[in-house]
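Here's the structure, in structure tokens; my notes come after.
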Amino acid sequence: MSTAYHGTFIHAVSPFQIEILPETTVVVSDAGVITHIVRGDLPAQVRELAPSPIILGNNEFFVPGFVDTHVHAPQYAYAGAGTHVPLMTWLTEYAFPAEVKMRDLDHAQDVYSKLVDRMVANGTTTALYFATIDVDPCVWFAKIVQEKGQRAFVGKVCMDRNAPPEYVETTAESLSRTEEFFAAVAALKTDLVEAVVTPRFIPTCTLELLRGLGELAKRYGARVQSHLSESRDEVAFVESLHPGEGSDSDIFAAAGLLTSKTVMAHSIYLSDNDEQLLREHGCGLAVCPISNYFFAGSTFPIRERMHKGLKCGLGTDVAGGYSPSMLQNVRALVLASRGRNHHDSTALIADYKCGFYVATRGGAAALGLEGVVGGFAVGMQFDALRIKVGGPSNPVDVFPGDDWERKFEKFVNLGDERSIKGVWVKGRQIA
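My numbering numbers the first residue of the sequence shown as 1 and each following residue consecutively.
What follows is the structure, given as structure tokens:
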């Protein structure tokens, strides 16, 4: 039987426009798909379709669920720490040891369960995850996400060089384990969890491995994720490893890893040629504003990149980014754009509307889910958050004269998990 939701719905229809739908009824089928959107009072025919409608109270509204395009799941154990060291040191002292510890499945259960619970509580309904190089902990994580009901894309990380001896694979092992992981995820028989081809980044992957992963991505029609031109040190390291072979983008393209199903994290230091390659291949970019402050040495020109036709979604980059909250990352994105403008008056400014777009519809587009999630329309799946502002213990206070647009802006700038009163993925309430 269908379910009806009646009240105010708010979503971003572009980076510059928020659409507010007051007194609206959204009907969702058993399959989790929106079948009707009706403006005005709750109509009698809707009650026939859905006899027990959910009616929002005062100062409540629905928004689309957040889409996090870049998360390192095993690193959540030290989220909030390691913010005082450069990237390569951070990898060896924090990231790699944390990922090795996931071989203890009891520890993995603890970390992964707490991570997904925290992300869902903060409104993340879809996430693109890096896991570890080991198959068993990766499958364990996929099962945890499935049980908790989040929409997730999970990658078994691939590394065959420049990694600790206890945390590295041969090329053949990396490729065979990737196929093993794909088979294990397929055996879960769920349409909400999907395996992703995941070379960590060029410094830890030989060209042979990259080419092999490109062939696997083509064979399986799979999504791809990695890191691209993240920091000056990383760019210089790649140049030293592959002199005369071009940029990160050139190397990934030559390996067959730039496709319309690819999401590249960070992508700070891009040339005009890089941007053209990424645009021509239809790649998505994961913008990670908090971690960029700590490790990239620069900020992402979000408005300029979108103006050039690049698909941009928001990523928390846990734990390079210290917070799993997409709202905190929306605010960081806006602040970063204003900082760019302070140094260069020609730099375009992103406001809260743009930030919210990138966190929802933009992330969906980057993941190839445009028209599936990220907004409210007939035929889209109902991934949604029930928001309440005002009242005791709520971080957002409401005053006479606050209209829906102001309440929404206050939520984006002041809200947190205390403002999120319900979370739905594909029509099923998971929190």
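For glycine and all other residues, C-beta sits at the position ideal for the given N, C-alpha and C.
DSSP places residue 61 in the uninterrupted beta strand (DSSP E) bounded by 60-64.
Beta-bridge annotation (DSSP): residue 90 is not paired with any residue. When the five nearest sequence neighbours on each side are left out, the beta carbons in the same chain lying within less than 6 Å of the beta carbon of residue 175 are those of 212, in order along the chain. Taking all protein chains shown into account, residue 39 has fewer than 16 neighbouring C-beta atoms within 10 Å of its C-beta and is therefore exposed. Pairing residue 237 with residue 203 gives a Cβ-Cβ distance under 8 Å. Uninterrupted beta strand (DSSP E) stretches at least 3 residues long and entirely within the region 293-357 occur at 311-314, given in chain order.
Spatial neighbours of residue 354 in its own chain (CB-CB distance under 6 Å, excluding positions within 5 residues in sequence) are listed in chain order as 15. Take the alpha-carbon of residue 330 and the one of residue 412: they are about 8 Å apart.
Of the residues assessed, residue 1 falls on the exposed side of the cut-off, its CB having fewer than 16 other CB atoms within 10 angstroms. Per the coordinates, the alpha-carbon of residue 246 lies some 29 Å from the alpha-carbon of residue 362.
Straight-line measurement puts the Cα of residue 423 at about 29 Å from the Cα of residue 306.
A direct Cα-Cα distance of roughly 10 Å separates residue 12 from residue 359. In this model, residue 295 and residue 119 are separated by some 23 Å (Cα to Cα). DSSP places residue 291 within a helical segment (H, G or I) once states are collapsed to three.
The secondary-structure analysis by DSSP pairs residue 199 across a beta bridge with 158.
Residue pairing of residue 424 in beta bridges, as defined by DSSP: 384 and 429.
When rounded, the separation of the alpha-carbon atoms in residue 304 and residue 293 is 19 Å. Only residues of its own chain outside the window of five on either side were considered, and among them 389 have a CB closer than 6 Å to the CB of residue 407, listed in chain order. Of the residues assessed, residue 122 falls on the buried side of the cut-off, its CB having 16 or more other CB atoms within 10 angstroms. Beta-bridge annotation (DSSP): residue 284 is paired with 263 and 311. Residue 405 carries a helical assignment under DSSP once its states are collapsed to helix, strand and coil.
Secondary structure note for residue 23: its beta strand (DSSP E) is the uninterrupted segment 17-28.
Residue pairing by DSSP leaves residue 251 without any beta bridge partner.
Rounded to the nearest whole angstrom, the C-alpha separation of residue 50 and residue 41 is 15 Å. For the set 66, 158, 228 and 138, the Cα lying nearest the Cα of residue 73 is the one of 138. Judged by DSSP secondary structure, residue 258 falls outside any alpha helix (DSSP H); it is assigned neither H nor E. By alpha-carbon distance to residue 301, the top candidate from 349, 281 and 325 is 349. Collapsing the DSSP output to three states places residue 225 in a strand. As the crow flies, the alpha-carbon of residue 255 is around 10 Å from that of residue 217. When the beta-carbon positions are compared, residue 196 and residue 155 come within less than 8 Å of each other. In the displayed model, residue 104 falls within coil according to three-state DSSP, outside both helix and strand. Residue 14 carries a strand assignment under DSSP once its states are collapsed to helix, strand and coil.
Rounded to whole angstroms, the separation of the alpha carbons of residue 284 and residue 310 is 7 Å.
Taking 8 Å as the cut-off, the beta carbon of residue 33 is found no closer than this to the beta carbon of residue 313.
Taking the Cα of residue 85 as reference, the smallest distance to any Cα among 352, 320 and 77 is reached at 320.
Of the residues assessed, residue 419 falls on the buried side of the cut-off, its CB having 16 or more other CB atoms within 10 angstroms.
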